[in-house]
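Residue numbers (our numbering), protein chains in the order written: chain A, 246 to 537; chain B, 397 to 653; chain C, 58 to 461.
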Amino acid sequence: MNWEIWQDLLQSPTSLWLMLASAFTVMACGVPGTFLVVRRMSLAGDAISHSVLPGIVIGFLISGTLDSPWILGGAALSGWLTVMVIGWLHRSGSVREDAATGIVFTAMFAIGVVLLRLYAGKVDLDPDCVLFGNLETAIHGARVGVFGLDVPQIVLVTGGAAVLGWAMVGLIYHRLLVGSFDPSLAALTGQAPRRTESILLGVTALVVVAAFQTVGAVMSVALLVLPAASGLLMCRRVPAILGAVAGHAVISSIGGMVIATWAGCNLGASVVICGAVLLVLVWAVSLRKRNR
Amino acid sequence: MNVPALETHELSVSYRGKPVLHGVDIEVPPGTLTGIMGPNGAGKSTLLKAVMGVIQPDSGWVKLLGKPLGEVLGRIGYVPQRESVDWDFPVTVFDVALMGTYAGLGWFGRPGKAERARAMEALEQTGMVDLATRKIGELSGGQQQRTFIARALAQKAEIYLMDEPFAGVDAATERAIIGLLGKLRDEGRTVLVVHHDLQSAPRYFERLLLLNLRVVAHGTVEEVFQPEILEKTYGGKLTLLSDVARRVARGSGGGLP
Amino acid sequence: MIDWFGSAVGSALTAALLLGISCGVLGTFVVARRMALTGDMLSHAVLPGVVAGLVWSTTRTPLVVLGCAVVAGWLGSVVMQVILRTTRLKPDAALALVLSVFFAVGIAMVSRYQPSGVQAFLFGQVAAIDGGDLKLLVWVTVVVLLLVPWGFRVLRLVSFDPAFARLLGFPVRWVEAGFFLMLTVVIVIAMQAVGVVLVSAMLVTPAAGARFWSRSLSGMVWVSCVLAVLGGMVGVWISSVRTGLPTGPLMALAVTVCFVVSAWFGPEGGWLQRRLRVLRERRRIAGEDVLKRMWHAEQAGGDAGGVSVRVMKDLKAREWVGEGGLTEAGKRHARGLVRAHRLWETYLTERAAFKPDHVHDEAERAEHWIDDEQKRDLAEKLGFPEKDPHGSPIPPEEGTGGAE
C-alpha cells in the first residue's frame, strides 16, 4: 500500500472537504433511492435525474445565482412534472410506460441543454458538469463561514440535501413504508399514498439537484440505486437498508477519493465505481450465503 | 338503524373499454360473512377494488356503513390477493402486522407500545408469533396468508374485504382462517371473502354473492346455493352483454379500442 | 454533388437522413418489444468501449471504436442478465445499475486519458461526423434496409413469440444477436450526432409517434423513418440557421414535436380523431333519440314536441325526415331502435337477472349500439319474443314479412 496517498489525503483539507461532500451526496441520494428501488421505480429516478435540468436552468435565469431556492423549486417541479407526464401518457393508453419514459426525459433534457446554450452568457453552469459533475472545481468555489470554520458552499449544499433525505425518512417513514409496500391499504386507511409518492419524487428531484454538481445527471442515477441495491442484498428490513446506505456512503466516498487520486480521474466517477465494487463484494457474499 | 354495511348502486366498471362489472346493485347486511363467487374473470376482485376505491367505476356509487368511502377510512380492512403482493419487499412478519395499526397515526406519528401490542396480539391469534422476525419472502404460502390475516385483525376494522384468502394455503391454515372469520362475524363485523371453491362455500359462508359480470344472485346460502342459479353463474359468459357494454363504453369516449 | 457533401450543412443533413432511416427502422422494433429503456441502457453501456476505442486508435478508425463499443454493450447486457438471475433485484434496478455504472467507468476513462474526439460522443455534434463515419453510416443504412425487409418476418415472429419461432426452427438466438449488433452499431453512430443521453430520443420517440399513424408493423416502420428523418433534418437546419445551438438536443426536440403532433392528429387513436368520433356518435345518438320520439308520437297520434333546428337538419340530411314527416327509411330506422330497446330489456331481465324496473335506462343507452346481427342473435336466444317485460310489443325484423 502506498502510504503517501493517505498522507496527502489526510493532510490536505481540500480532500477532506471533497470526501465529505461526496459522502453527503451519496447519503442524500441513497435515502429516496432506497424507496424508489423497493417500489420498482428506479427508472423514474433515471427520468427525474435528467429532467431536473430545465428546472435548474430556468431557476437560474430567474434568480441569477446557483444557490437560490428558485433552482430547487424549478428542479423539483420539473422532476415531478416529468413523472406525472409519463404516467399520464402511459394511462391514456396508447404509449407504453418504457417508451413514455424514453420520450419525456430525453425531451426535458434536450430542452435543458438548449436553454443552457441559448443563455450561455447568463448561466454560469458548465455543460460538462451536466454529464459528469465538477466537484473538484466546485470545492474551490464560494465559501461560507460556519462557527469560524471556512466551509466550501458545496459541502453545505450536499449536507443540506442529506439532511433533507434523512428528515423525510425520520418524519414520514411509516407512510413511505406502507405506501411502497401496499398502496391499496394505505389508500383504504387514509394514509394518502399518492401524496406520499409526490413527496418522495419531489425529494428525489431535490437531492438530485445537489448531486448534479457533484456527479452530474447520469451518475446521480448510480447514487440513487447503488447504495440501495447493496443494502437490499444484505438486509431484511428497510431501516437496516438505510443504515447500510449510510455505511455505503462513507466507504464509497473514501474509496472514491483514493481511486481518483491513484488513477487521476474524475472524482464523481470514482465514487460510483467504488460503490459498484462494494455492490459486487456484497453480491459475492450473498451468493456464498445462499449456496451454503 | 340497520344501515347496510356495504351498499352499491348500479356499479359499472370497465378496464380499457372492456366491461368487467355491469350494473351491480347489492346491499350486504352488517355482521354477516359473505362469500363472493363466480367463474374466472367474473369481476370478483374488481368488485372489491371498486369498493376500496382502487378502481374508479364508470358509473354508480358505493357506500360503506351508509357513508362514502372517504368518510369511513380506517374502518375498512383488507387482505390482498397473494399474487399482488411483492414478496421480495424487505419487511418482516411483524412489520406487516404493525402496518395494520397505521391508520390513526397521521403524517408524523409512529406506532407506540399500544400499537405494537395490538400487532403482537393479532400475530398470536393467527399463530405467527414465532415467525415474527422472518422476512415475508421466506414464508410458506399458508404462513404468508396468516401474516396478512394478522394485519387485518390488527386493523380492528368494521368491514373486512378479503381477496382469495384460501388460495394456496394448507388445510390447517384454511381451518384456522375460517375460524377467525367466524369469530370476526360473531363480534359483529362484516366480512366479504372472494372464494372460488364451490365445495366448501356452503359450509364456510352464511351468505353468497354470485357474480358473472353482473349480480346473478345474492342472499343466504339456502336461497342462493341452488343448482339452476349456479348453472346460471357458471354457465358461460354473457358475450352479448359484454359486447354491447363495450360498445357503449367506447362510444361515450370511455376507453380506447 | 461533391460540394453538397463537402459543405458542413450538406454532410450534416446527409447524416441526419441516414441516421433517421436506421433509427426509424430499428426503433420500431425496440418500441414494439418494450425495449425502450434497454436501448437507453445500451447507449450508456457502450461508453467505456467507445472511450477505449478512441484511446487505442488515435486516428479514430470507426471500425475499432465500433468493435470496442459492441463488446462493452454486450458486457452490459451480460451483467444485467447476471444481476437478474442471481439476485432479488428487479429489472428496473438492474437496468439503472448497468446504465449508470458503465457510464461512470466511461467517464473515469475519459478523465484519465482525455482522448480526442470523445466530446462528440458525449454531447453529440453532427459536424463531427466525418467522411469515414459517413461511409460507415451509408453501409449500415444499406444493411438495415436490405436486411430488415428480408428478415422482416423472422424478426417479427421472433419479436412477438420467440417460443413459437424456436419451435418452427428459426435460429432465434442468431436473429437476436444480429438485432442486438445492428442496434449497438446504430446507437454508437447516433451518439455522435445527438450525444449519449439523447440517443433514446432518436430511437424511441419517432417509433412511438408512428403508432398513431399505422397499426401494422410495416406501416409503423415507414412512418417512424419519416418522422425520424424529418426531425433530424429540422434539427440540423435550425442549428445551421441559429449557430451556437447544439444539433443533438435540437434533433431530439424536433422528433418530440413530431411525436406530439402525431399524438394529436394521427388517424389511429390520435386525440383529435378520438374527440371527433365521440362528437359524431353523440350527434347520431341525439338524432336517433328525436327520431324515436317522433315515431312514438306518430304511432300514438300525438305531438312530438319541439325539435332543435340543428337536430332537424341532421335528420333531414340522413333522409329520415322529409317534408311530410318521417320518411320510410326514418320509420324503418326508428322501428329498429325500438326493437333493439325492447329486445335488450327482455335480455337483461331474462338472462342477466336485472330487475325489470332497472332495465329501461340501460336499454336507452344500449339501443344505439346494437347492430342488426346482434338483434337477430338476441331474438334467437330469447326464442323470438313478441312482448318486452313491460308488455309492449317488440317490432318484428324488417324484410321478413313482418313490416307494416
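The C-beta atom is built at its ideal place from N, Cα and C for all residues, glycine as well.
- Coil, strand or helix - residue 459 (chain C) by DSSP: Low confidence applies to residue 459 (chain C): its pLDDT is 38, below 50, so where it sits in the model is not reliable, and the reading given next is rough at best. In this structure, residue 459 (chain C) counts as coil in the three-state DSSP scheme.
- Query: If the cut is a Cβ gap below 8 Å, which residues of chain A does residue 400 (chain B) touch?
  - Reply: Here the premise fails: no neighbours, minimum Cβ distance about 19 Å.
- Item | Between the CA atoms of residue 465 (chain A) and residue 473 (chain A) - distance to the nearest angstrom | 13 Å
- residue 584 (chain B) and residue 427 (chain B) closer than 7 Å at C-beta: yes
- Item | Enclosing beta strand (DSSP E) for residue 284 (chain A) [first to last residue] | That residue, residue 284 (chain A), is in no beta strand (DSSP E); it is neither H nor E in DSSP.
- Item | Coarse secondary structure for residue 616 (chain B), derived from DSSP in three states | strand
- Message: Quick check: is the beta carbon of residue 488 (chain B) nearer than 7 Å to any beta carbon in chain A?
- Response: yes
- Query: With a Cβ-Cβ cutoff of 7 Å, do residue 211 (chain C) and residue 227 (chain C) count as a contact?
  - Reply: yes
- Message: Can you find the residues in the same chain that come closer than 8 Å, C-beta to C-beta, to residue 400 (chain A), ignoring five residues on each side of it along the sequence?
- Response: 262, 265, 266, 269 and 384
- Query: When you compare each of B:557, B:522 and B:531 to residue 441 (chain B) by their alpha carbons, which one comes out closest?
  - Reply: B:557
- Item | 7 Å Cβ shell around residue 458 (chain C) - same chain, five flanking residues per side excluded | Its pLDDT being 41, under 50, residue 458 (chain C) is placed unreliably in this model, and the value from its coordinates should be taken loosely. Nothing listed; no residue qualifies.
- Query: If you draw a straight line from the C-alpha of residue 201 (chain C) to the C-alpha of residue 239 (chain C), how long is it?
  - Reply: 8 Å
- Would you kindly work out how many angstroms separate the C-alpha atoms of residue 405 (chain B) and residue 465 (chain B), rounded to a whole number? 14 Å
- Count the other C-beta atoms from every protein chain shown that fall within 10 angstroms of the C-beta of residue 353 (chain C), then say buried if there are 16 or more, exposed otherwise. exposed
- Using the C-alpha atoms, what's the distance from residue 606 (chain B) back to residue 626 (chain B)? 8 Å
- Residues bridged to residue 349 (chain C) (per DSSP): Answer by DSSP bridge pairing: none, since residue 349 (chain C) is not bridged.
- Task: Within 10 angstroms of the Cβ of residue 165 (chain C), are there 16 or more other Cβ atoms? Answer buried if so, exposed if not.
- Result: buried
- Three CB pairs or more closer than 8 Å across the region 450-467 of chain A and the region 511-525 of chain A: yes
- Please say whether residue 65 (chain C) and residue 186 (chain C) have beta carbons closer to each other than 7 Å? no
- Item | residue 445 (chain C) at chain A interface by Cβ criterion, 7 Å | no
- How about residue 576 (chain B): is its C-beta nearer than 7 Å to some C-beta of chain A? no
- Item | Rounded C-alpha distance that separates residue 121 (chain C) from residue 170 (chain C) | 17 Å
- Query: Whose C-alpha, out of C:395, C:319, C:247 and C:380, is nearest the C-alpha of residue 345 (chain C)?
  - Reply: C:395
- Item | Paired residues, beta bridge with residue 405 (chain B) - DSSP | B:457
- Using a Cβ cut-off of 9 Å, which residues of the region 417-436 of chain A contact any Cβ in chain B, in chain order? 417, 418, 419, 420, 422, 423, 425, 426, 427, 428, 429, 430, 431, 432, 433, 434, 435 and 436
- Query: Using the beta-carbon of each residue, which ones in chain C are nearer than 7 Å to residue 354 (chain A)?
  - Reply: 254 and 255
- What are the boundary residues of the alpha helix (DSSP H) that includes residue 545 (chain B)? 537-551
- Message: Give me the subset of the region 316-339 of chain A whose CB atoms are less than 9 Å from a CB atom of chain C, sorted by chain position.
- Response: 334, 337, 338 and 339
- Task: In the DSSP assignment, find the alpha helix (DSSP H) that holds residue 517 (chain B) and state where it starts and stops.
- Result: 509-521
- Neighbour-count burial assignment, residue 560 (chain B), 16 or more Cβ in a 10 Å radius: buried
- Task: Let me know if residue 218 (chain C) comes out buried or exposed under the rule of 16 or more other beta-carbons within 10 Å of its beta-carbon.
- Result: exposed
- Query: Using Cβ-Cβ distances below 7 Å, what residues of the region 473-489 of chain A are close to chain D?
  - Reply: Here the protein chains are A, B and C, and chain D is not one of them.
- Task: Give, in chain order, every residue of the region 598-631 of chain B whose Cβ lies closer than 8 Å to some Cβ of chain A.
- Result: none
- Query: When burial is assigned at 16 or more other CB atoms within 10 Å of the CB, is residue 268 (chain C) buried or exposed?
  - Reply: buried
- CB contact below 7 Å: residue 222 (chain C) versus chain B: no
- Message: For the region 257-275 of chain C, list every residue whose C-beta sits within 8 Å of some C-beta in chain A, in sequence order.
- Response: 257, 258, 260, 261, 262, 264, 265, 268 and 269
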